[in-house]
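To keep things clear, I will list the structure first and then write my remarks on it.
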Amino acid sequence: MIHSFNDDFRFSDTPAAYELVIRACKAELPDCIGLKRASHAEDKAGVDFWAHMPDGSRIGIDLKLRRKDYGAQYGKPLDCVVELDCAGSHGWLNKAGGAELILFAASDTGRYFMVAANELRAAVITGLPRWIAAGKVHELETTSKWDKGQDGRQWQSKAVAIGSDLIQRQIQALNSCAADYQTPL
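First residue of the sequence shown? That's 0 in numbering that gives the first Met the number 0, and the numbers climb one at a time after it.
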């Protein structure tokens, strides 16, 4: 199956997607005073939305929206699809810059998981080999293309679907290790 990049982009730019981001920000960033869609250039750099804070700062959010929540009907945690390789180069997980927060969400159930990008990166890098060996993640390969009227280019991506619970547990374990190595003042 070939995915249309443009269709996927338009899907994440709907009023329903915006409402889902607002709901997640209200719950996860209670001090947030406003939300704004990022510019096209900012989007290309990995920021889909800006959450504005009372002190004037803003927090970049990268929305990873899926149409279907495959685990919901089985009572499983939300799957987080993490791109490891895109067109032969690092996927978004391993690229510098971008958003401070990653918001994984499913449009059909409204479930979401918001995580700091640096914590997600550390959790996946340290946990992925063990998760793959234990059969806890689902490896995916997709082909995407630009719509007609553009260059028609196609590219392949490799990703893994990881349960949000695995990511949370790995972050907690890493934070616990870091706390163990902190020296009291």
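Even for Gly, the Cβ is constructed at its ideal location relative to N, Cα and C. The model shown is predicted, which means the values in this text are computed figures rather than measured ones.
Segments of 3+ residues assigned as beta strand (DSSP E) that fall wholly inside the segment 99-180: 100-105, 111-115, 137-144 and 153-162
Within this structure, are the beta carbons of LEU92 and VAL80 separated by less than 8 Å? no
Using only CA atoms, which one of HIS39, CYS176, ALA23 and LEU165 lies nearest to LEU127? LEU165
Rounded C-alpha distance that separates LYS35 from GLU18: 12 Å
Residue from VAL46, PRO29 and LEU83 whose Cα sits closest to the Cα of SER156: LEU83
To the nearest angstrom, how far is the alpha carbon of ALA95 from that of GLY70? 30 Å
What's the gap between the Cα of THR141 and the Cα of ILE32? 37 Å
Spatially closest choice to ILE21 from ARG129, GLY134, ILE170 and GLY109, by CA coordinates: GLY109
For a test of your reading of the model: does the CB of TYR111 fall under 7 Å from any non-hydrogen atom of the ligand ADP? Yes or no. The ligand content of the structure shown is nil, which means the ligand ADP is not present either.
State the CB to CB distance for the pair VAL136 and ALA98, rounded to an integer number of angstroms; the pair is presumed to be in contact (CB under 8 Å). Wrong, their Cβ atoms sit about 22 Å apart, outside the cutoff.
Are the CB atoms of PHE112 and LEU77 nearer to each other than 8 Å? yes
If you count every other CB in all the chains shown that lies within 10 Å of the CB of ILE124, and 16 or more means buried, which is it? exposed
For a test of the three-state rule: what should DSSP assign to LYS43, helix, strand or coil? helix
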